[in-house]
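Student:
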Amino acid sequence: MDTNMIEKVTKLVLSRIQEESHSKTNEERVNIWDHTTSNPKAKSIVSSPESHEEAGGRVTFSSFPSTKKEEENGTKSVVKTFPVSSKKQKENKSKNSDDFKQLTNSTPARIGVGRAGVRPKTDAWLRFRYDHAAAVDAVYGNVDKSLLDALDLFSVNTKVTDKETYIRRPDYGRRLSEEAKKKIKNKCMHSPQVQIIVSDGLSSKAIDENLEDVYLSLQQSLDNLGFNVGTPFFIEKGRVAVMDDVGEALEPEVAILLIGERPGLISAESLSAYLCYKPRLNTIESDRMVISNIHSGGIPPVEAGAYLGSVIEKVLKYEASGVALVKKEG
Amino acid sequence: MDRKKREELLSAGIDIGTSTTKLVISKFSLTNTAGSTHMPRIEITDTDVIYRSPIFRTPLKSGHEIDMDEVERIVISQYQEAGISVDDIQTGAVIITGETATKTNAEEMINHLSNHAGEFLVATAGPDLESIIAGKGSGAHAYSKQTNRTVANIDIGGGTANVAVYKYGKLLGTCTLHIGGKLIEFKNGVVNYIAPYIKRIEDQLDLQLEVGKSVVDKDIKKLTDYMAQTISNMLGQKLNESDELLLGHKPNWEGKVDAIMFSGGVSECIYHPDKCSTTGIYDDIGVRLAKSLTDHPELSSWEWLEPNETVRATVLGAGTQTTEISGATIQVDNQTLPIRNLPVYKISFSGDFQSNLSLLPQLIEEGIQIFDPKKEGQNFALYLTELPLLGFKDMQQLSKALIKAVEKKRSPQPLIIVLERDLAKSLGQTLRTINNKQPTVCIDQINIEHGDYLDIGRLLESGVVPVVIKTLTFQK
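Going down the list, the sequences are from chains V and C. With this note's numbering applied, the first sequence covers 1 to 330. With this note's numbering applied, the second sequence covers 1001 to 1476.
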């Protein structure tokens, strides 16, 4: 976002608050720092006594057990326990925390993180910020070139040149650049049974973390099944439907696209495998199928690769994919 | 793998108890419960009990021997009654429970039956397993899953009371007591049989019971009250190691029991006393034991739950709860299946993967020493636990190490690998790539323990195999 804009809005808000506070009398002072200037100066505002109500009773906090949660980067953080005031709560503590653990173990979602007043506690908030930042990094990052070299994948581009365009114009991400079309026609085997394509999509981290295991395991599986596998390559800033352009150029029977998923706050490195029987420009979306959630906390990457081999076997056997495959299977 | 298709599996449960023998036949429905974008996950989604046999008296040749031919005749006649042939039974369990397990020919009996009553029907015995199975059949296990309460299921049959404690669907512990309806039997108002365990506490309770003498109601009440007190002590963790009625280990769960549930023959008289008002059906202390339990003041401090099944809890558990389904992405050579009575050898991979890998040949050598010391060709399953998330290269290393280790065996054997984590397909595939002549069965998502025995059935249409884990321990 535009930093000037943020500064302008913040200043506007602060001046409003000041205006309001000046109109009131009998002040209680609160200091506010203007973080947007390089030399932060404290300003004080006042609140009216009328708006300040005495709380009717003390807020009591329920006890939270100290559960340890593994962070993605390997560091551990501890949910701190609030001192429990009432005796009865203490007695029930072990039972409650057992139930509580049962619930927190059942989901990776941020449940029972506690609160301080109306806000999340600082560590929960920081963890949220961290996960959010990881998601942003995954979108804006680039795939490690040495990984692509090690797997012998050459790179081509879509019609997208920069990330901003990629995000705003999905349609550009669905089409290969003219240069790319020429390059793959030159370099790749024509009309193979299986064409493997890799793309960073919305998470470069998904590729960095999972591609090697999924790809090698998939290759092994396809080798064992005896399929004729085309020349694999990497498409930078691609969308799922870019496989249609590849289909037009290389005419494979099945295309499998390993692409980074849009990152979430639980995992920013989840990979999807999209499959399609004879992808062409007139392919409809219901003919595509996907195996998603491939990452260390979801489907184990090596197992996914082995499983994808058997899915491709099925697609080739029934000569259909997606909804059409389900129908043919009966 | 097909989402719409449901596959069906027939399972038999046969319970040969101290006083009664019964059988149930159920139909399992297998469905893929995973979402369409995930790898398939095949689960037993529906269990339909299609036949419940009447309750037969367990046929005995003498006091110490089961009448094998008669039991088999009962089973076969009940299959006919249900309209099912022996070949239709794909899984299930024969369980020999209570005091029957100590009869002289119990082991022979149960193996004979599991060979004749269905191709893939396993034999199991042992008081702990009996407790677990009864707790599952009665509904205590399911109740603990739905609530946050700790539930104890107390299955009281003819010879033993089997206790299993569950919380959140997990087993916390078990305990077995020499408490049952048939520990004293009557005939025409005269004591006909007194179990040896009762003799031991006779003096302590000052009982005047003797075979051939007429029944003294006061003494029987004293005895059944003592039994109820023992159960209460057991639930409250107040039992001593030296307690005469304790069979095996002390209660081994931690924490407090919130609710109790009774199953087994005696429980029928607890929950439906009207049906039991005629003392004469079994002519033993069962009815009075039920009354003592109902009236016991300490026991009423726990919440009492009614079970889904009383007398048939164990047989239902055996028929419906002993089969597990493997993960859906596995690699098996179907001609090597089914495999029966395969001992399990556990290899833990906790800690550094590389150092564990280097220990593998030595560990497998030790496994051969344990299970096949004379190199007669007894195979065993390798259960690899606590595997870290393996990359493709780790998988190759692991496979090479496994193939190398298995080559040490003198006679060629299929390599049977069981994994905790969902990694069987990739491991199986890698093994095949390295050596495609080695027959391999590689399955996952099964939790077993060292010393368990494993039966693996044939590959089903859904791409999974049924697995029955059993603990064969006969009380000697």
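Glycine included, C-beta positions come from ideal geometry on N, C-alpha and C.
(1) What are the boundary residues of the alpha helix (DSSP H) that includes Asn1341/C?
(2) Contact between the stretch 269-288 of chain V and the stretch 237-248 of chain V is defined here as three or more beta-carbon pairs at a separation below 8 Å; is this criterion met?
(3) If you draw a straight line from the C-alpha of Tyr1079/C to the C-alpha of Leu1239/C, how long is it?
(4) Could you pull the start and end residues of the beta strand (DSSP E) that Met289/V belongs to?
(5) Is it buried or exposed for Asp1284/C, if we count other Cβ within 10 angstroms and need 16 for buried?
(6) Can the beta-carbon of Gly141/V be found less than 8 Å from the beta-carbon of Lys237/V?
(7) Could you name the residues of the stretch 296-309 of chain V whose beta carbon sits closer than 8 Å to any beta carbon of chain C, in the order they occur along the chain?
(8) Does any C-beta atom of chain C lie closer than 8 Å to the C-beta of Ser106/V?
(9) What is the C-beta distance between Leu1010/C and Ile1084/C, in whole angstroms, given that I count them as a contact (C-beta under 8 Å)?
(10) Assign Ile1050/C to one of two classes, buried (16 or more other C-beta atoms within 10 Å of its C-beta) or exposed (fewer than that).
(11) Apart from the five residues on each side of it in sequence, which residues of its chain come closer than 7 Å, Cβ to Cβ, to Gln1378/C?
(12) In chain V, which residues lie with their C-beta within 7 Å of the C-beta of Leu1389/C?
(13) Could you have a look at Thr1512/C and say whether DSSP puts it in helix, strand or coil?
(14) So is Lys1470/C buried or exposed if we call it buried at 16+ other beta carbons inside 10 Å?
(15) Going by DSSP in three states, Arg119/V sits in which element: helix, strand or coil?
(16) I want to see whether chain V comes within less than 8 Å of Tyr1168/C, judged by CB atoms only; does it?
(17) Compare the C-alpha of Asp1455/C against each of Ile1416/C, Lys1221/C, Glu1244/C and Ala1161/C and name the closest.
(18) With DSSP as the reference, label Ile1084/C as helix, strand or coil.
(19) Please give me, in chain order, every unbroken run of the alpha helix (DSSP H) with length at least 4 that falls completely inside the stretch 1129-1189 of chain C.
(20) In three-state terms, what does DSSP make of Thr1045/C?
(21) Applying a beta-carbon distance threshold of less than 8 Å, which residues of chain C neighbour Gln102/V?
(22) Answer yes if the stretch 284-293 of chain V comes into contact with the stretch 222-229 of chain V, meaning at least three C-beta pairs across the two stretches below 8 Å, and no otherwise.
(23) Which residue wins for smallest C-alpha separation from Thr1230/C, given the options Ile1179/C, Pro1439/C and Arg1458/C?
(24) Compare the Cα-Cα distances from Phe1056/C to each of Arg1073/C, Ser1301/C and Glu1065/C and report the closest residue.
(25) Return the Cβ separation of Asp1048/C and Pro1059/C in integer angstroms, given the expectation that the two are a contact with Cβ distance under 8 Å.
(26) From this set, Thr1174/C, Gly1169/C, Asp1087/C and Val1151/C, which residue's C-alpha is nearest Ala1161/C's C-alpha?
(27) Measure how close the beta-carbons of Ala1140/C and Asn1153/C come, nearest whole angstrom, since I'm counting them as under 8 Å.
(28) So, with DSSP's three-state summary, where would you put Thr1031/C?
(29) Which residues of the stretch 215-244 of chain V have a Cβ closer than 7 Å to any Cβ of chain C? Give them in chain order.
(30) Who does Pro1466/C pair with in a DSSP beta bridge?
(31) On the three-pair Cβ rule with 8 Å, is the stretch 1091-1098 of chain C touching the stretch 1107-1119 of chain C?
(32) Within the 8 Å Cβ cut-off, does Asp99/V reach chain C?
(33) In chain V, what lies closer than 7 Å to Gln1481/C by C-beta?
(34) Leaving out five residues before and five after Asp137/V in sequence, what residues of the same chain have Cβ atoms less than 8 Å from its Cβ?
(35) So is Val198/V buried or exposed if we call it buried at 16+ other beta carbons inside 10 Å?
(36) Could you spell out where the beta strand (DSSP E) holding Lys1291/C opens and where it closes?
Tutor: Put simply:
(1) Per DSSP, Asn1341/C is not a residue of any alpha helix (DSSP H); the beta strand (DSSP E) it occupies stretches across Ile1339 to Ser1348.
(2) yes
(3) 43 Å
(4) Arg288 to Ile294
(5) buried
(6) Their beta carbons are not under 8 Å apart, which means Gly141/V does not touch Lys237/V by this criterion.
(7) Ser296, Ile299, Pro300, Pro301, Val302, Glu303, Ala304, Gly305, Ala306, Tyr307 and Gly309
(8) no
(9) Under the criterion of beta carbons closer than 8 Å, Leu1010/C and Ile1084/C qualify as touching, at roughly 7 Å.
(10) exposed
(11) Phe1371 and Asp1372
(12) Ser296 and Pro300
(13) Since the first and last residues shown for chain C are 1001 and 1476, residue 1512/C lies out of range.
(14) buried
(15) strand
(16) yes
(17) Ile1416/C
(18) coil
(19) 1140-1146
(20) Looking at Thr1045/C - three-state DSSP - the assignment turns out to be strand.
(21) Chain C residues near Gln102/V: Asn1148 and Tyr1168.
(22) Here the stretch 222-229 of chain V does not lie against the stretch 284-293 of chain V, with fewer than 3 beta-carbon pairs under 8 Å apart.
(23) For Thr1230/C, the nearest C-alpha among the options comes from Ile1179/C.
(24) Arg1073/C
(25) Incorrect: roughly 29 Å between the Cβ atoms, too far for contact.
(26) Thr1174/C
(27) 4 Å
(28) strand
(29) Leu216, Ser217, Gln220, Ser221 and Asn224
(30) Ile1325/C
(31) yes
(32) For Asp99/V, a Cβ of chain C is located within less than 8 Å of the residue's own Cβ.
(33) Missing from the structure shown is residue 1481/C; chain C here goes from 1001 to 1476 and no further.
(34) Counting only Cβ-Cβ distances below 8 Å, and skipping sequence neighbours, we find Lys205 and Ala268.
(35) buried
(36) No beta strand (DSSP E) contains Lys1291/C, which is instead part of the alpha helix (DSSP H) from Gly1286 to Asp1295.
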